[in-house]
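Here is the structure we will look at, set down as structure tokens.
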Amino acid sequence: MKATIFFRIAAVVLLLFAAGHTFGFLTFQPPTPEGRAVFDAMTRVHFAIGGSTYSYGNFYRGFGLSITVSDLFLAYLAWYLGTLARRGLRSIVTTLAWPLIVVQLAGVALSGIYFGVIQMAFCLLAAALLIAGALLTRDHLPA
Numbered sequence: 009m010k011a012t013i014f015f016r017i018a019a020v021v022l023l024l025f026a027a028g029h030t031f032g033f034l035t036f037q038p039p040t041p042e043g044r045a046v047f048d049a050m051t052r053v054h055f056a057i058g059g060s061t062y063s064y065g066n067f068y069r070g071f072g073l074s075i076t077v078s079d080l081f082l083a084y085l086a087w088y089l090g091t092l093a094r095r096g097l098r099s100i101v102t103t104l105a106w107p108l109i110v111v112q113l114a115g116v117a118l119s120g121i122y123f124g125v126i127q128m129a130f131c132l133l134a135a136a137l138l139i140a141g142a143l144l145t146r147d148h149l150p151a
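Next up, the structure:
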């Protein structure tokens with residue numbers, strides 16, 4: 009298979025991950041009464057910082073949506089790496105692919121510690137696809 013295909017499949021995986029993340033955190037309902045109480049308190053309890061009022065619930069939604077935006081950018085970047093690989097721009101592909109791989113591997117570790125197997129699997133699959141694309145780029149494109 010060509011590097012472009014691996015990068016494009018990785019992009020789709022990252023896009024699905026972004027969609028799943030967004031749906032998951034926006035529809036999350038704590039499974040226990042204690043969890044529900046904490047979740048509700050995050051929204052009800054407000055505090056002032058620098059003349060503005062915030063809640064941890066707002067931070068939760070804001071950070072969650074920020075992660076969605078970042079995930080969408082990573083999907084775009086993976087897709088674009090496929091375009092660059094097809095054009096034979098090896099140095100640009102490898103310069104961008106390896107840091108993206110490191111980000112996904114960090115996601116594997118963080119998901120294993122804080123989130124769960126499904127999130128870990130998406131990060132691991134994306135990392136594996138990106139590694140395959142990067143290695144194929146290195147091996148088969150002109151310098």
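Mind the numbering: the sequence shown is residues 9 to 151 in the numbering used here, read in order. All C-beta atoms, glycine included, are put in the ideal place defined by N, C-alpha and C. All of these numbers come straight from a predicted model, not from anything done at the bench.
Query	Result
By how many angstroms is the C-alpha of G120 removed from the C-alpha of T12?	29 Å
Taking the alpha-carbon positions, what's the P38 to R44 distance?	5 Å
In the DSSP output, what is A49 paired with across the bridge?	In the DSSP output, where bridge partners are listed per residue, A49 has none listed.
Let me know the beta strand (DSSP E) ranges lying completely inside the stretch 43 to 124, each 3 residues or longer, listed in chain order.	54 to 57, 60 to 63
Quick check: the stretch 17 to 24 against the stretch 134 to 144, are at least 3 beta-carbon pairs closer than 8 Å?	yes
To which residues of the same chain is I100 closer than 7 Å at the C-beta, ignoring the five residues directly before and after it?	L92
Determine the closest residue to R94 out of G141, Y64, P41, T40, with distance taken between C-alpha atoms.	G141
So what's T40 in DSSP terms, helix, strand or just coil?	coil
If you draw a straight line from the alpha carbon of M9 to that of L22, how long is it in whole angstroms?	20 Å
L85: which of F71, G72, P107, Y68 sits nearest, CA to CA?	P107
Excluding sequence positions up to five away, which residues of its chain have a Cβ less than 6 Å from the Cβ of F47?	P38
Tell whether a beta-carbon distance below 8 Å holds between H29 and T76.	yes
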